[in-house]
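The sequence shown runs contiguously to residue 652 in full-length UniProt numbering.
No residue lacks a Cβ here, since even glycine has one placed at the ideal position from N, Cα and C.
Only one structure is covered here, and it is reproduced in the block below.
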Amino acid sequence: MKHFDKILIANRGEIACRVIATARKLGIKTVAVYSDADYQALHKTLADEAYYIGSSPAQESYLRTDKLIEVAQQSGAQAVHPGYGFLSENAEFAQACHEAGIHFIGPGHEAIRAMGSKSEAKALMEKASVPICPGYHGDDQSDETLTLEAERIGYPLMVKAALGGGGKGMRIIEHAEQLQEGLQAARREARKSFGDDHLLLESYISRPRHVEVQIFFDRHNAGVYLFDRDCSLQRRHQKVIEEAPAPNLPDSMRKSMGEAAVAAGKAIQYRGAGTVEFLVDGERFYFMEMNTRLQVEHPVTEAITRQDLVEWQLAIAAGAPLPLSQEQLQCHGHALEARIYAESPDHDFLPSSGKIMDLQWPQAKNYVRIDTGVQQGDHISSNYDPMLAKLVVWAESREAAIDKMSQALSDYQQAGLSDNRDFLLHLVNEPAFRKAELSTHFIDQYPPTELTPDQIRIALVTAGLLQYDRLSYYGTLPAAPFFSQVTLFYDGKQHTLKINQSRSGYDIQLPDGECFAQIESIEWEADRLTGNLIIGQQTFRYRAVYLPDSKLKLFFPSFSIELDLSGQCLAAHDGSEAMSAPMNGTVCSVMVSEGQQVKAGTALLVMEAMKMEHTINAPCDGIIESVFYQAGDRVDAGSSLMAYKEESDNAA
């Protein structure tokens, strides 16, 4: 099979590491690029060569076509693998590679350009007899035209960036009154993410499934589909759990979707890996978009087909024919992928940044796979996508795959910044997920849940005993009768435990009752402890990590919790946090001025972090006293954005 001698990977993180793994297997040399933020990144370490391309913001590094072409030529790379995100679906970059005599590992720039515009793609698919959803995909982008078209389509409807993807530049409009604000927000986000604010409108299907088909084409326009994936579990229009094959699809519909996806590829003379995404409404399906690159979720297709899709990409880009025909491709078992994100599910999935202080992966064996670009000690920057890793599992049946994923998620533990591990555990163990009752609204139906009183109680007892044991070891417990008192803080609330040790265990008084506990086993390793604790008649396995600033992170099989040991934890106050930055990021726009009177819910300011926008709304009626930031300013989480005076009920 044909292959290159050396390739440049125009990306970072997990996908760069993934491409390096296959290239190394094939004996292909790899060239990495890195920014200031990635000076010590894993992909830089794994590659055979690495070149600095600019400062941390993507616009000054990973989106610099000129720098990437320069490095490819300087290093002698014959081809460029774009990964996903960044310039992977940028027709100008693909064309620049071609003009520089460098192979672009992906489709031709003409196909990227055609599918990069959702409106043009819809028109092409309609000509190719691929089903499309009713909507407006025209060039006239005036507010007047879009308003008229919205009335024709009817509400609710979806506003989408024509060049969009990943939920960026996308808004659901329930009523006509929301249209203008939705158009402006979508345009702003689209312009920032894709450099183009062209929009399209589509009829909004209330409970669709998101099912996509993996396709591959070689240079001879021979194409195959490698079955399908269900990607319905999404938050903010971004996928978090994917599986293959898509469950509960009639065989005839599955075949029709595969054939429609191949027809879509043939219509644009496609080459390489691509994904055709469909909205499924009952037994009907509609073309949504085509991604002209390798998808984040490609490992589940690799698992069920037993093929290396990156190897296919490299071979086809080098001129080889398709490795297998449609008849030779077979689907084996079931695979699931869970995306681990640095984010706070209990705070509207806001991205988090900081240092990974502790990291434990599940064992990569028995069809458990870990795709990542991070390691312990890394600092997660707000400049890039917040995905930390992908956990992928395979089993003979869907039920067995879900069980395996639940265990893998339980075994994954990270301390130092917020992530969505517990939320993913909640999703895969939700009975409706096991029954495959899937739709893109699944997460709205089964949102993140707070810890139960029993879980908090287990955590407090565990932390209390560990702290008691630690203070005893270091000889820092006060003299009797106060030696048994340990104070902990969780969620701004103080919890005082009174602990009396006996030969058989510990009698513990909590604010809401008493219990008896025993430390069955404990293993120390620096600031990390692992062991078993018996509370009442139940045994609990735990892992504890002591963090800076007197924090303690506890992991249990089904949940985790971070406690404060310092006694300096402040209670939340009454709505004023709405005037503070909820995350590290950049101010996009300020919609109010000093002295302005506003109503509750009024949009005050828009922030952006990790390519997603977050709107700060007025918590109540009031007056803007001071505005501390303007558009373009960088802001740290917790910084005061503006001074806001609540309007008195007795005001004249």
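Less than 7 angstroms between C-beta atoms, sequence neighbours within five positions excluded: which residues of the same chain meet that for residue i?
| i | result |
| --- | --- |
| residue 186 | 159, 161, 169, 170, 171 and 199 |
| residue 140 | none |
| residue 639 | 580 and 581 |
| residue 110 | none |
Is the beta carbon of residue i sitting closer than 8 angstroms to the one on residue j?
| i | j | result |
| --- | --- | --- |
| residue 233 | residue 425 | no |
| residue 222 | residue 323 | no |
| residue 164 | residue 123 | no |
| residue 72 | residue 80 | yes |
| residue 3 | residue 294 | no |
| residue 382 | residue 584 | yes |
| residue 456 | residue 535 | no |
| residue 263 | residue 114 | no |
| residue 607 | residue 624 | no |
| residue 78 | residue 197 | no |
| residue 244 | residue 301 | yes |
| residue 287 | residue 253 | no |
| residue 211 | residue 278 | yes |
| residue 465 | residue 517 | yes |
| residue 443 | residue 388 | no |
| residue 61 | residue 69 | no |
Compare the C-alpha of residue i against each of the options and name the closest.
| i | options | result |
| --- | --- | --- |
| residue 392 | 319, 599 and 336 | 336 |
| residue 359 | 327, 555 and 252 | 555 |
| residue 269 | 35, 410 and 219 | 219 |
| residue 33 | 25, 7 and 21 | 7 |
| residue 310 | 105, 86 and 537 | 105 |
| residue 308 | 94, 607, 214 and 466 | 214 |
| residue 524 | 507, 536, 535 and 542 | 542 |
| residue 41 | 423, 376 and 609 | 376 |
| residue 217 | 266, 177, 203 and 276 | 266 |
| residue 150 | 129, 131, 594 and 174 | 174 |
| residue 398 | 332, 345 and 361 | 332 |
| residue 299 | 242, 440, 344 and 154 | 242 |
| residue 434 | 452, 401 and 630 | 401 |
| residue 229 | 205, 597, 201 and 261 | 261 |
| residue 195 | 202, 204, 59 and 305 | 59 |
| residue 528 | 512, 515, 514 and 547 | 547 |
| residue 26 | 368, 312, 486 and 364 | 312 |
| residue 184 | 615, 404 and 119 | 615 |
| residue 38 | 28, 618 and 56 | 56 |
What residues in its chain sit with their C-beta under 6 angstroms from that of residue i, if we drop five residues either side in the sequence?
| i | result |
| --- | --- |
| residue 621 | 599, 600 and 647 |
| residue 14 | 371, 372 and 373 |
| residue 237 | 167 and 170 |
| residue 484 | 498, 499 and 500 |
| residue 479 | Reliability fails at residue 479, whose pLDDT of 44 lies under 50, so the model's placement of it is uncertain and no value is given. |
| residue 550 | 565 and 566 |
| residue 568 | Because the pLDDT at residue 568 is just 35, under 50, the model does not fix this residue reliably, and the value given afterwards should be weighed accordingly. Within the same chain, residue 568 has no close Cβ partners at all. |
| residue 482 | Low confidence applies to residue 482: its pLDDT is 39, below 50, so where it sits in the model is not reliable, and the reading given next is rough at best. Within the same chain, residue 482 has no close Cβ partners at all. |
| residue 532 | 520, 521, 539 and 541 |
Starting from residue i, follow its DSSP beta bridges and name the residues at the other end.
| i | result |
| --- | --- |
| residue 501 | 506 |
| residue 209 | 280 |
| residue 394 | 335 |
| residue 84 | Looking at the DSSP assignment, residue 84 forms no beta bridge with any residue, so it has no partner. |
| residue 387 | 341 |
| residue 461 | According to DSSP, residue 461 bridges with nothing at all. |
| residue 524 | 529 |
Using a Cβ-Cβ cut-off of 8 angstroms (strictly less than) and excluding sequence neighbours within five positions of residue i, which residues of its own chain qualify?
| i | result |
| --- | --- |
| residue 668 | Here the chain has residues from 1 to 652 only, and residue 668 is not among them. |
| residue 570 | Because the pLDDT of residue 570 is 30, which lies under 50, any placement of that residue in the model is unreliable, and the number read from its coordinates should be weighed accordingly. So the qualifying residues of the chain are 492. |
| residue 20 | 9, 30, 32, 43, 46 and 47 |
| residue 417 | 342, 352, 353, 354, 355, 356 and 380 |
| residue 117 | 162, 163 and 198 |
| residue 304 | 227, 244, 245, 331, 332, 333, 334, 335 and 394 |
| residue 636 | 581 and 584 |
| residue 573 | Its pLDDT being 32, under 50, residue 573 is placed unreliably by the model, and the measurement read from it follows with that caveat. Cβ neighbours of residue 573 beyond the five flanking positions: none. |
Could you tell me the boundaries of the beta strand (DSSP E) in which residue i lies?
| i | result |
| --- | --- |
| residue 232 | 223–235 |
| residue 161 | 157–161 |
| residue 626 | 622–627 |
| residue 590 | 585–590 |
For the alpha helix (DSSP H) that residue i lies in, which residues bound it at each end?
| i | result |
| --- | --- |
| residue 15 | 13–26 |
| residue 316 | 309–317 |
| residue 304 | 298–305 |
| residue 185 | 179–194 |
| residue 148 | 143–153 |
| residue 265 | 251–267 |
| residue 35 | That residue, residue 35, is in no alpha helix (DSSP H); its beta strand (DSSP E) goes 29–35. |
| residue 65 | 65–75 |
So does residue i have its beta carbon nearer than 7 angstroms to some heavy atom of the ligand GDP?
| i | result |
| --- | --- |
| residue 163 | Among the components modelled here there is no ligand, and therefore nothing to report on the ligand GDP. |
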